[in-house]
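> Starting off with a structure, shown below.
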Amino acid sequence: MPRSGVDKGQHSTFDDANLRRQRWKVWGSLILSGLLLGLMLGRLFGPNSMPEEPPHLLTVSADGRGLALRFNRQAHVTAEQLNGALILHIAAQAAAQQGEWHWRKRPVRWRIQEQENGVLLSLVSTQPLLGHWQWSKVEPGWQLLVELQ
Numbered sequence: 001m002p003r004s005g006v007d008k009g010q011h012s013t014f015d016d017a018n019l020r021r022q023r024w025k026v027w028g029s030l031i032l033s034g035l036l037l038g039l040m041l042g043r044l045f046g047p048n049s050m051p052e053e054p055p056h057l058l059t060v061s062a063d064g065r066g067l068a069l070r071f072n073r074q075a076h077v078t079a080e081q082l083n084g085a086l087i088l089h090i091a092a093q094a095a096a097q098q099g100e101w102h103w104r105k106r107p108v109r110w111r112i113q114e115q116e117n118g119v120l121l122s123l124v125s126t127q128p129l130l131g132h133w134q135w136s137k138v139e140p141g142w143q144l145l146v147e148l149q
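Just so it is clear: in the sequence shown, position 145 is 145 by the UniProt record's numbering, and no numbers are missing.
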């Protein structure tokens with residue numbers, strides 16, 4: 001059983017320097033724990049924590065330059081060329097649609113198909129198609145202009 005008083009040259013209580021050091025360690029660990037807990041809660045319940053619904057296709061129109069698709073928000077687009085057709089994968093939601101317009105006196109057919117991770121826009125003509133696309137801010141929403149070359 002420990003006794004009070006001097007035991008082997010040491011006191012049974014901490015000296016003031018050790019006690020101050022221990023207090024700083026306790027306060028530091030409490031502050032660090034509070035900071036980490038706050039960061040975790042902020043990550044869970046922050047403004048970007050709720051999943052957003054994907055952009056929606058509003059309208060499709062064709063003109064002499066190409067095909068204009070209007071969305072409520074900007075979407076991610078990737079393109080590929082497959083057997084002369086220009087195919088765009090768009091991370092958005094849209095109903096299946098199709099249409100046709102004339103570009104350089106040649107018919108061009110377009111078709112929008114739903115997929116599980118977005119929509120597929122296919123452009124097909126009697127000659128191989130090349131093109132590029134660009135986003136522009138319009139009211140209301142965003143416009144994706146697919147220009148053929």
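From the three backbone atoms N, C-alpha and C, an ideal C-beta is built for every residue, glycine too. All figures in this text were calculated on a predicted structure; none of them were measured in a lab.
1) Could you check the C-alpha separation between leucine 58 and serine 29 for me, to the nearest Å?
2) For a test of the three-state rule: what should DSSP assign to lysine 137, helix, strand or coil?
3) Do leucine 148 and leucine 130 count as a contact pair if the criterion is CB distance below 9 Å?
4) Specify the secondary structure class of alanine 104 as computed by DSSP and reduced to three states.
5) Excluding five sequence neighbours on each side, which residues of the same chain lie with their C-beta closer than 6 Å to the C-beta of histidine 56?
6) Where does alanine 75 land, buried or exposed, given buried means 16+ other C-beta within 10 angstroms?
7) So, are the CB atoms of leucine 67 and valine 146 less than 9 Å apart?
8) For a quick check, are the C-beta atoms of residue 159 and threonine 78 less than 9 Å apart?
9) Should isoleucine 31 be labelled buried (16 or more other beta-carbon atoms within 10 Å of its own) or exposed?
10) I need the DSSP call for glutamine 113, collapsed to helix, strand or coil.
A quick look at the data gives this:
1) 53 Å
2) In the structure shown, lysine 137 sits in a strand (DSSP, three-state: E or B).
3) Contact check for leucine 130 against leucine 148 passes: the beta carbons are separated by less than 9 Å.
4) Correcting the residue identity first, residue 104 is arginine in this sequence and not alanine. Of the three classes helix, strand and coil, the one that applies to arginine 104 here is coil, per DSSP.
5) Asn72, Gln93
6) buried
7) yes
8) Residue 159 lies beyond the residue range present for the chain, which begins at 1 and ends at 149; the question has no answer from this structure.
9) exposed
10) strand
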